[in-house]
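Student:
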Amino acid sequence: MKQENLCINEMNLNFLSKSANESFARATISAFIAQLDPTIDEITDIKTAISEAVTNCITHAYKSEIGVIYINCKIFENGKILIKIRDKGIGIKDIAQAMEPLFTTGGSERAGLGFAVMKSFMDKLRVSSKVNKGTTVLMEKSIIRRNITSVK
Amino acid sequence: MGINLEFFDNKLTAKISGEIDHHSAADFRQQIDNFINKKKPEEIILDFNEVSFMDTSGIGFIMGRFKTAYNLGIKLKVINIPKKLERLVKLSGIKNLGILE
Ligand SMILES: Nc1ncnc2c1ncn2[C@@H]1O[C@H](COP(=O)(O)OP(=O)(O)O)[C@@H](O)[C@H]1O
Ligand SMILES: [Mg+2]
């Protein structure tokens, strides 16, 4: 039987762009998707990708101010996870250049590999941005369903 | 979770435990760099055995200490990188620096 691509749960999380919230954000989303019963490796991949996107909001989008970071997470019957991380910060002028491995505007302590990690650790990555309006990062990953009954 | 610095035989060993992200790396960086400036060790060993999570801020942290050490003529090694960080480390290309053990 074909599995329906049905959204079975959704959450929203808004918080200030303070670096102490990096661990809060990845731990919270991990706890939410735990109901799909992912493996440790799947959780690690998703946690790392979230950490990259949230850190980018803090270090780049809101580099000289404190703003709000908006996360929306949806999980689907078939094991798909959709995570949207949005800011209203400075935006990105050239997205293709920003996504190139090793490109950074962040100085010597930044590796320029955040987008490379999001792309490789997730199944899909889409970035949209407008200068002075903000940036939205959309990431998708399907995990293998083993325990479908855990969400009702 | 944190950083533990040991100085013996002119060698600085920094044992890091817990999660390395942009937030925690800033603290680890400050503590190590302060120590380097004060004691001028001959060698720095970063021990990652107890690191439970790391993102690319950890890669930037390693590269930053590598540059600092290199500029001061100090030898730097990174030891005991856990298996679960292997994908990130591989993707980053820091193996080419020749400092991983
Ligand atoms: N949310 C964002 N808002 C503004 N600029 C961003 C954002 N995310 C990424 N960028 C830009 O893209 C570049 C590359 O990001 P990334 O691959 O994560 O590397 P890093 O964060 O180490 O610089 C950043 O240096 C920055 O210029
Ligand atoms: Mg980044």
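In order, the protein sequences belong to chains A and B.
Just so you know, we're using this note's numbering here: the first sequence kicks off at 1 and counts up by one.
Just so you know, we're using this note's numbering here: the second sequence kicks off at 1001 and counts up by one.
Backbone N, C-alpha and C define an ideal beta-carbon position, used for all residues, glycine too.
#1: Using a C-beta to C-beta distance shorter than 8 Å, which residues of chain B count as neighbours of A:Leu-113?
#2: If I'm right that A:Glu-22 touches A:Val-54 with Cβ under 8 Å, what's the distance once you round it to whole angstroms?
#3: 8 Å is my cut-off, CB to CB: does A:Thr-55 come that close to chain B?
#4: Please list the partners that A:Ile-71 has in chain B, where partner means a Cβ-to-Cβ separation under 8 Å.
#5: Taking Cβ-Cβ distances shorter than 9 Å, what residues in chain B pair up with A:Ile-33?
#6: When the Cα of B:Ile-1045 is compared with those of B:Glu-1006, B:Gln-1030 and B:Lys-1095, which residue comes out closest?
#7: Considering only the beta carbon of each residue, do A:Cys-73 and A:Phe-32 sit closer than 8 Å?
#8: Can you list, in chain order, the residues of its chain with a C-beta nearer than 6 Å to that of A:Asn-12? Leave out the 5 residues immediately preceding and following it.
#9: Closer than 5 Å is what we want: which residues have a beta carbon that near any heavy atom of ligand 2? List them in chain order.
#10: Report yes if the CB atom of B:Glu-1059 is closer than 8 Å to the CB atom of B:Ile-1099, and no otherwise.
#11: Among A:Cys-7, A:Lys-80 and A:Ala-27, which one has its Cα closest to the Cα of A:Glu-140?
#12: Would you check if the distance between the CB atom of A:Thr-135 and the CB atom of A:Gly-107 is smaller than 8 Å?
#13: Does the distance from the C-beta atom of B:Ile-1079 to that of B:Glu-1101 stay below 8 Å?
#14: Beta carbon of B:Gly-1058: closer than 7 Å to some heavy atom of ligand 1?
#15: Count the other C-beta atoms from every protein chain shown that fall within 10 angstroms of the C-beta of A:Val-127, then say buried if there are 16 or more, exposed otherwise.
#16: Would you say the beta carbon of A:Cys-52 comes nearer than 7 Å to a heavy atom of ligand 1?
Tutor: Concretely, from the data shown:
#1: Residue numbering aside, residue 113 of chain A sits at position 113 when the first sequence is read from its first letter. Here the neighbours are Thr-1056, Ile-1059, Leu-1091 and Ser-1092.
#2: Here residue 22 of chain A corresponds to residue number 22 of the first sequence, with the count starting at 1. Here residue 54 of chain A corresponds to residue number 54 of the first sequence, with the count starting at 1. Yes, A:Glu-22 and A:Val-54 are in contact; Cβ-Cβ is about 5 Å, under 8 Å.
#3: For the purposes of this step, residue 55 of chain A is taken as residue 55 along the first sequence, with counting starting at 1. For A:Thr-55, the answer is yes, since a Cβ of chain B falls inside 8 Å of its Cβ.
#4: Here the question's residue 71 of chain A lines up with position 71 in the first sequence. Residues of chain B passing the Cβ test: none, with the nearest at roughly 16 Å.
#5: Along the first sequence, read from residue 1 onward, the residue named residue 33 of chain A stands at position 33. Result: empty, since nearest Cβ-Cβ is about 16 Å, beyond 9 Å.
#6: For the purposes of this step, residue 1045 of chain B is taken as residue 45 along the second sequence, with counting starting at 1. Ranking the options by Cα distance to B:Ile-1045, first place goes to B:Glu-1006.
#7: Taking the first residue of the first sequence as position 1, residue 73 of chain A is located at position 73. Taking the first residue of the first sequence as position 1, residue 32 of chain A is located at position 32. Yes, these two residues count as a Cβ contact at 8 Å.
#8: For the purposes of this step, residue 12 of chain A is taken as the residue at position 12 of the first sequence. So the qualifying residues of the chain are Asn-72.
#9: A:Asn-56 and A:Gly-114
#10: Against the second sequence, residue 1059 of chain B aligns to sequence position 59. Against the second sequence, residue 1099 of chain B aligns to sequence position 99. The amino acid occupying residue 1059 of chain B in the given sequence is Ile; Glu does not appear at that position. No. Outside cutoff.
#11: For this step, residue 140 of chain A is matched to residue 140 along the first sequence. A:Glu-140 has its Cα closest to that of A:Lys-80, out of A:Cys-7, A:Lys-80 and A:Ala-27.
#12: Position 135 of the first sequence holds residue 135 of chain A. Position 107 of the first sequence holds residue 107 of chain A. Contact flag unset, no.
#13: Residue numbering aside, residue 1079 of chain B sits at position 79 when the second sequence is read from its first letter. Residue numbering aside, residue 1101 of chain B sits at position 101 when the second sequence is read from its first letter. A contact, by the Cβ cut-off of 8 Å.
#14: One-based indexing of the second sequence puts residue 1058 of chain B at position 58. Outside the cutoff, so no.
#15: The residue you call residue 127 of chain A lines up with position 127 of the first sequence. By the 10 Å Cβ count, A:Val-127 comes out buried.
#16: Counting from 1 along the first sequence, the entry for residue 52 of chain A is found at position 52. Sequence check: residue 52 of chain A is Glu here, not Cys. A:Glu-52: yes, Cβ under 7 Å from ligand 1.
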